[in-house]
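A short worksheet on the structure shown next.
Set out below in structure tokens:
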């Protein structure tokens, strides 16, 4: 059953990505159905009584599931069709990877571990959609300088986006929420590490990259508040922070599972 859900969700995400913008109702309906199928596949594959299935593909798939939901809700208030062209193909790839690399079952020995993973996934998902948003803003700004020079795959969708100032406000709203969740992830990770390893912080690759990402987003929010950072500076910090977080939660697990075949640690 999970395999059927995975295949159906992948195909629907692809359909959502290629449908023309004028078919808004069909896009919204297909997105909702794909999101539900995607969620059902995660429920069946990740949650097992007393265990969690953890791996780079399940983490990526979980993040994109929340990101698709965020896009669907945000698109009801603002015209963000360009975001669809970025999120849907990525979600399709993430769901397909979940089927190929299911991850490993890890005993859920303490409730703290479950909460830590849930908060980390929410933080990663929120900052993932912020990164998509940042890429969209960069494309939108570039489009302002090339308007009238011919269309492309994203051109018409970019022309329908809200003003850059509105997009920037949405971006920083998502970053602030993601930073709050990331801070909670770091704090819960310290508590979990204290219980499991007897020390406040285990200095492994995941911890180092997570803290580096936290510092980048903290610097961005501080620069925004005190120095009025915006534009290319804000986009650069956003993408750098997300790339660092990607290395922490997906890149490291990919190396362990696929390259080194060591499973989840």
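Residue numbers (the numbering used here): 5 to 269. We put the beta carbon where it would ideally sit given N, CA and C, even for glycine.
Alpha helix (DSSP H) segments (min. 4 residues) lying fully within the segment 63-143 = DSSP assignment within the segment 63-143 yields the following whole alpha helix (DSSP H) runs of 4 residues or more, N-terminal first: 85-104.
message = Quick check: the Cα distance between residue 63 and residue 93, rounded to an integer number of angstroms?
response = Looking at the two C-alpha atoms, the distance is approximately 17 Å.
Practice problem: Starting from residue 56, follow the alpha helix (DSSP H) in both directions and report where the run begins and ends. | Solution: Here residue 56 belongs to no alpha helix (DSSP H); instead the beta strand (DSSP E) covers 55-58.
| request: Express the C-alpha separation of residue 108 and residue 127 in angstroms, rounding to a whole number. | output: Straight-line Cα distance between these residues: approximately 22 Å.
Checklist entry - Are three or more beta carbon pairs between the segment 81-97 and the segment 175-191 nearer than 8 Å? => result Counting Cβ pairs under 8 Å, fewer than three are found: no touch.
When DSSP labels each residue in this structure, what does residue 51 get in the three-state scheme?
Strand.
Original post:
Quick one: is residue 231 buried, meaning 16 or more other Cβ sit within 10 Å of its Cβ, or exposed?
Top reply: With a 10 Å radius around the Cβ and a threshold of 16 neighbouring Cβ atoms, residue 231 comes out exposed.
- request: Would you kindly work out how many angstroms separate the C-alpha atoms of residue 208 and residue 75, rounded to a whole number?
  value: Residue 208 and residue 75 have their C-alpha atoms some 33 Å from each other.
task: For residue 61, name the three-state secondary structure that DSSP assigns.
output: For residue 61, the three-state secondary structure derived from DSSP is helix.
(Q) So, with DSSP's three-state summary, where would you put residue 218? (A) In this structure, residue 218 counts as helix in the three-state DSSP scheme.
task: Please confirm whether residue 213 and residue 179 have their CB atoms less than 9 Å apart.
output: Against a cut-off of 9 Å, the Cβ pair of residue 179 and residue 213 comes out as no contact.
Roughly how far, in whole angstroms, is the beta-carbon of residue 13 from the beta-carbon of residue 38, given that I think they are within contact range, below 8 Å?
About 5 Å separates the CB atoms of residue 13 and residue 38; that is less than 8 Å, so the two are in contact.
TODO: Could you tell me whether the Cβ atoms of residue 110 and residue 55 are closer together than 9 Å?
DONE: For the pair residue 110 and residue 55, the CB atoms are nearer than the 9 Å cut-off.
N-terminal and C-terminal residue of the alpha helix (DSSP H) that residue 17 is part of = Start and end: 6-22.
Exposure label - residue 135; buried when at least 16 CB within 10 Å: Counting every other CB atom within 10 Å of its CB across the protein chains shown gives residue 135 a total of 16 or more, marking it as buried.
Q) Where does residue 232 sit, in a helix, a strand or coil, going by DSSP? A) In this structure, residue 232 counts as coil in the three-state DSSP scheme.
Measuring straight from C-alpha to C-alpha, what distance separates residue 29 and residue 194? C-alpha separation (whole angstroms): 45 Å.
Check your understanding: Looking at the structure shown, is residue 163 part of a helix, part of a strand, or coil, going by DSSP?
Key -> DSSP, reduced to helix, strand and coil, places residue 163 within a helical segment of the structure shown.
Apply the 10 Å Cβ neighbour rule to residue 89 and answer buried if 16 or more other Cβ atoms are within range, or exposed otherwise.
By the 10 Å Cβ count, residue 89 comes out buried.
Coarse secondary structure for residue 25, derived from DSSP in three states:
The answer is coil: DSSP assigns residue 25 none of H, G, I, E or B.
*Work out the CA separation of residue 216 and residue 246 for me, nearest whole Å.*
If you draw a straight line from the Cα of residue 246 to the Cα of residue 216, it comes to about 10 Å.
Here's the rule: buried if 16 or more other CB atoms are within 10 angstroms of the residue's CB, otherwise exposed. What is residue 269? Reliability of the predicted coordinates at residue 269 is poor, the pLDDT of 48 falling under 50, and the value obtained from them is presented with this limitation in mind. In the assembly as shown, residue 269 is an exposed residue. Its beta-carbon has fewer than 16 other beta-carbons within 10 Å.
How many angstroms separate the CA atom of residue 73 from the CA atom of residue 49? In a straight line, the C-alpha of residue 73 is about 19 Å away from that of residue 49.
Inset, instruction - Rounded to whole angstroms, what's the CA-CA distance from residue 142 to residue 8? Just pull it up for me. - result: So the alpha carbons of these two residues sit roughly 37 Å apart.
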